[in-house]
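Encoded as structure tokens, the structure appears first; notes follow it.
Residue numbers (my numbering): 249 to 510.
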């Protein structure tokens, strides 16, 4: 799904010195999967999963897909990323009643979804831990926690960059505790502070908004940047993607099986 935040609050932050590069990898850092720049991928969040796309990485919904689907992809030699929504409550998920009304804010623009009060780590940490337990139990290799830049949106809560930094690091730590790699979704302004905590990046529309250079720290750290565009044709963004060593493709916004890679 398109998860386009408001314009970056301070893209110049990307140029700040790296902070917090020690990360939260834990003792399994040497064994955890870490995709390298340029790794091809498939991102499918709707429709029946097409198991036959010839790429080494799939990113699929963690709730809507079974352990048997993950196993079938593994049998084809694929690594599999578990998509979860870490920044918004969704009224169509099986754990929806576990989220108290006090942490649900404004709608995020998608039907049935409301921003979460990410300051309430005491409430959200155990709920997100259970979601990541599902990813691990189904055999996923990694997790994509969506909506990792709530502080740039009108959420109904007075969120700050510091709140987001703490929350994103909490999510990364939970993933690593379970042996899962974890990707930073968008949140370009905080890449210098979070690159040590995340194993790869997932980005939507950096070419459309002239932001792809902000993702270079991941590539310099030998970590993949999985990137999609929805409206810019491949002939326009692929030359830059190849220069930057991004894993880029065009997708339709519904994120079905169709893809046009660089």
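Every residue gets a Cβ at the ideal spot worked out from N, C-alpha and C, and that includes glycine.
Closest by C-alpha distance to residue i, when choosing among the options
i	options	result
residue 385	427, 406, 368	427
residue 348	489, 365, 425	365
residue 350	334, 330, 372, 340	372
residue 459	471, 485, 481, 468	485
residue 325	333, 289, 370	289
residue 502	425, 304, 308	308
residue 354	393, 311, 405	405
residue 466	333, 500, 430	430
residue 358	415, 340, 346	340
residue 342	311, 332, 331	311
residue 410	425, 393, 306, 369	369
residue 432	461, 293, 468, 393	393
residue 352	293, 424, 337	337
residue 403	332, 461, 361	361
Residue i: CB within 7 angstroms of a non-hydrogen atom of the ligand HEM
i	result
residue 291	You won't find the ligand HEM in this model; it holds no ligand whatsoever.
Per DSSP, the bridge partner or partners of residue i
i	result
residue 394	333
residue 474	450, 495
residue 508	498
residue 431	448
Neighbourhood of residue i by C-beta distance below 8 angstroms, restricted to the same chain and skipping five residues each side
i	result
residue 463	436, 439, 449, 451, 454, 473, 475, 492, 494
residue 279	427
residue 471	282, 283, 284, 285, 443, 446, 447, 448, 449
residue 387	315, 318, 319, 322, 328
residue 422	373, 376, 377, 380
residue 500	478, 506
Residue-level contact to chain D via CB, residue i, 8 angstroms cutoff
i	result
residue 441	The chain labelled as chain D is not found in the depicted structure, where only one protein chain is given.
Residues of its chain near residue i, where Cβ-Cβ distance is below 7 angstroms and the 5 sequence neighbours each way are ignored
i	result
residue 269	With a pLDDT of only 34 at residue 269, under 50, the local geometry of the prediction cannot be trusted, and the value read off the model is given with reservation. Excluding positions up to five away in sequence, the list reads 443, 444.
residue 553	This structure does not reach residue 553, given that the chain is present from 249 up to 510, and the question cannot be answered.
residue 482	498, 508, 510
residue 490	510
residue 287	304, 305, 472, 495
Sequence-distant residues of its chain with Cβ nearer than 6 angstroms to residue i (five each side left out)
i	result
residue 398	335, 363, 366, 407
residue 301	290
residue 330	310, 383, 388, 391
Can you give, in chain order, each stretch of the alpha helix (DSSP H) that sits fully within the segment 287 to 371 and has at least 4 residues? DSSP assignment within the segment 287 to 371 yields the following whole alpha helix (DSSP H) runs of 4 residues or more, N-terminal first: 315 to 323.
Cβ contact check for the segment 292 to 305 and the segment 319 to 330: 3 or more pairs under 8 angstroms: yes
Can you list, in chain order, the stretches of the alpha helix (DSSP H) that have 4 or more residues and sit fully within the segment 375 to 427? 409 to 425
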